[in-house]
């Protein structure tokens, strides 16, 4: 059975982006998908990030596919989920929103995968440098 995991940004979004996750999950179920929604795994918007991402990654073991919401690239957790999906050879789809939720399968060509990982490294380094700069400003 095909099970798809929804991945996207939550932290820093209004209502932790729960309404978007729930709407996409509803639409995909209506299209016949079996869906794993991280909102169902961790329904407490005030929960600590690390236990949530660990539970999400464990839930991904049961999934065959990953659906990436628009803006997923802004999320540290969604990058982790993406890398896990690549490592586990899952089908990866990008979600397009409109009147109907549509999925577009992403290429698993090695060049595309390595380019994505290089972008992830750059993204994560930039985020860490912003945090270092913020700490240095507080210290100074």
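Residue numbers (our numbering): 342 to 481.
Each residue gets a CB set at the ideal place from its N, CA and C atoms; glycine is no exception.
Small disclaimer: the values here were computed from a predicted structure and weren't measured.
A check of alpha carbon separations from residue 391 across 402, 421 and 415 identifies 421 as the nearest.
Put simply, of 469, 468, 352 and 366 the residue whose alpha carbon is nearest the alpha carbon of residue 438 is 366. The Cβ-Cβ distance between residue 378 and residue 359 does not fall below 7 Å.
The alpha carbon of residue 389 has as its nearest neighbour, out of 364, 351 and 412, the alpha carbon of 351.
For residue 432, the enclosing beta strand (DSSP E) covers residues 432 to 437.
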